[in-house]
Structure formats: C-alpha cells, structure tokens
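Our numbering puts the first residue of the sequence shown at 6, with every later residue one more than the last. Below: the structure, in structure tokens.
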Amino acid sequence: MKQRNIILCGFMGCGKSTVGALFAKKNGMAFVDLDSYIEKQQNKTISDIFAESGEAYFRELEKQAAKELSEKNGLVVAAGGGTLTFPENVETFRKNGKIVLLDIPIETVAKRLENDTTRPLLNRPDKDKAMKELYDKRLPLYRAAADIIVNGDDSPMQVCKNITAAL
Ligand code: S3P
6 MKQRNIILCG FMGCGKSTVG ALFAKKNGMA FVDLDSYIEK QQNKTISDIF AESGEAYFRE
66 LEKQAAKELS EKNGLVVAAG GGTLTFPENV ETFRKNGKIV LLDIPIETVA KRLENDTTRP
126 LLNRPDKDKA MKELYDKRLP LYRAAADIIV NGDDSPMQVC KNITAAL
C-alpha cells in the first residue's frame, strides 16, 4: 500500500528539518528537506538564490519542488517556513500527504535564530521587528494549512512522539 507523505510546516527555526530527519528515521521513511532539495537542484544556497534572483523567483522554484515531491510516496518533507503560506502549495501537498504544524512561540524562535545569518528574510537590521510581523501574519495561515498541530517547543524526540500520538 502506498504510504502518504508527512509534510512538516511552521516558522523558521521551529525544528522542521531536525524533527523531520529523526521522525523519518524512526518510522522507516525517507526524509527530504525542501530547501536542500532546491539548493541541490540549483547548485546554490537559498541565500544566493534570494540575492541573485529575488524572492519571487525562489517561490517559483519552491512551488515546482513541492509539485515534484508530492508525486512521491512515503516521504517526510521539511517544508520551508514560507511554503505552506501559499494555498497552491497547500493543495499540492494535501493531495498525497498530511500537513503537520510544529507550533512554537516567537520567544523560542527568537532564541534559536539569534545568531543565524542563513535566512534572507531576517537578515536585516530590524530583524526582531521583521520576525514578529512575519510570525503574526503567518500563524493563521499555518493553522489553516495544517491537518494536525503539535507542540514543537520540545526536544526533537518528544516532538516526534507528539506527531506520532497526533497522527
Ligand atoms: C523561508 C524559510 C526558509 C527558506 C527561505 C524562506 C520563509 O526555510 O525556505 O529562507 O519564507 O520563511 P526554513 O523555514 O527552513 O528556515
């Protein structure tokens, strides 16, 4: 029987990649990080794609990558922080998967991303303000996209257990 995909969604720094890799390992599934998938395809970092071609171009690549991955089965996909804020991507992933929101408070995000320079959307002098605005804008979109919402403000192992219990 074909196994449906599990798509992890949530704000930057919520643990999608760390939890996704662990969850896949524990459940004998294959793990794909959407950003890494795009980076490999383009042979460029996400930061370079944003810098050279802009966010709109990145969103097109992201949309295409989502379509490609949704054609497969039995994957755990760590989406990017913006992926599931676009209804088209929600529809794409829903066809063949369950969308799981890793819910974490902004305070945890701020702590985890304090010294991070790899997120172009937050690489700016007013980082804290930009983060808060984006977080507030996106939370309702994540909630609407998700089939399941779990507490992501826990150890990766515990978050995996939270997902298993909720599925
Ligand atoms: C983005 C989040 C990033 C990456 C890109 C845009 C966003 O992924 O896709 O920088 O719009 O929130 P992570 O959530 O894995 O950091």
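Glycine included, every Cβ here is placed at the ideal spot set by N, Cα and C.
- Taking C-beta atoms as the reference points, I104 and A149 fail to come closer than 7 Å.
- In this model, F98 and D131 are separated by some 33 Å (Cα to Cα).
- Per DSSP, the beta bridge partners of V82 are I12 and V37.
- For the ligand S3P, a non-hydrogen atom lies closer than 6 Å to the CB of R124.
- Boundaries of the alpha helix (DSSP H) around I54: I51 to S58.
- Nearest to Y62 by C-alpha distance, out of K77, L74 and I43, is I43.
- V81 sits close to M34, with the two beta carbons spaced by under 7 Å.
- Of the other Cβ atoms in all chains shown, 16 or more fall within 10 Å of the Cβ of R143; this residue is therefore buried.
- The beta-carbon distance between L107 and V24, rounded to whole angstroms, is 6 Å. This is short enough to meet the 8 Å contact definition.
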